[in-house]
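Participant: What follows is a single structure, and I will ask about it in a moment.
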Amino acid sequence: MTGNEPHAAPRHAVAGTGTGIDVDAIARAVDHALTKGPTRPRRDVIDTGTNELIGHLRTLMAVEDYGYDQEGRGGVRALFRVAYRNLDLTVRPDGATSDAVAFTYWRMIASLTAAFRDLYVALPEEPAP
Numbered sequence: 762m763t764g765n766e767p768h769a770a771p772r773h774a775v776a777g778t779g780t781g782i783d784v785d786a787i788a789r790a791v792d793h794a795l796t797k798g799p800t801r802p803r804r805d806v807i808d809t810g811t812n813e814l815i816g817h818l819r820t821l822m823a824v825e826d827y828g829y830d831q832e833g834r835g836g837v838r839a840l841f842r843v844a845y846r847n848l849d850l851t852v853r854p855d856g857a858t859s860d861a862v863a864f865t866y867w868r869m870i871a872s873l874t875a876a877f878r879d880l881y882v883a884l885p886e887e888p889a890p
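This is the structure:
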């Protein structure tokens with residue numbers, strides 16, 4: 762991805778990494794979680810997908826350009842609060858959690874990741890050096 766495609770993400774860097782975010786990989790992980798199938802996936806698929814999405818969500822949350830501290834950006838602040846609440850280890854599914862609850866959590870994390878991805882993609886591009 763060169764950054765010139767109409768669907769390309771801005772060339773923002775993730776805090777401390779100096780690299781862009783792979784929006785296509787995020788989209789695939791989100792689509793996998795949110796695609797409706799005839800049956801619920803196996804628990805190992807849910808757990809693997811959840812862990813992948815948590816990684817993507819944390820990466821997206823590390824971007825410092827969302828303007829959450831600016832006036833009129835209360836929705837962004839609320840999104841961060843919800844994401845942090847759902848990433849808390851006390852609410853994350855574990856081995857004792859039912860498959861249905863783990864599946865619901867996976868889809869919640871996918872929705873949050875999609876929301877942060879959309880914020881990221883909407884950021885203006887940084888000027889070229």
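Heads up: the sequence shown is residues 762 to 890, going by our numbering. Idealized CB from N, CA, C, for every residue including glycine.
Quick check: the segment 794-808 against the segment 831-843, are there 3 or more CB pairs under 8 Å?
Facilitator: Result no; under three Cβ-Cβ pairs closer than 8 Å.
Participant: Any contact of the segment 844-854 with the segment 870-883, i.e. 3+ C-beta pairs under 8 Å?
Facilitator: Judged by Cβ distances under 8 Å, the segment 844-854 makes contact with the segment 870-883, as three or more pairs qualify.
Participant: Evaluate T811 with the Cβ neighbour count: other Cβ atoms within 10 Å of its Cβ, from every protein chain shown; 16 or more gives buried, anything less gives exposed.
Facilitator: It counts as buried.
Participant: Assuming I807 is part of the alpha helix (DSSP H), what are its boundary residues?
Facilitator: R804 to M822 is the extent of the alpha helix (DSSP H) around I807.
Participant: Would DSSP call Y845 helix, strand or coil?
Facilitator: Three-state DSSP puts Y845 in a helix.
Participant: Around the Cβ of E886, are there at least 16 other Cβ atoms within 10 angstroms (buried) or fewer (exposed)?
Facilitator: Classification for E886: exposed.
Participant: Which residue marks the beginning of the alpha helix (DSSP H) containing I787, and which one marks its end?
Facilitator: Run containing I787: V784 to L795, per the alpha helix (DSSP H) assignment.
Participant: With a threshold of 8 Å, are at least 3 pairs of Cβ atoms found where one atom belongs to the segment 813-820 and the other to the segment 782-793?
Facilitator: Output reads yes: the segment 782-793 touches the segment 813-820.
Participant: Whole angstroms is fine: what's the gap from F864's alpha carbon to R834's?
Facilitator: F864 and R834: Cα-Cα distance of roughly 31 Å.
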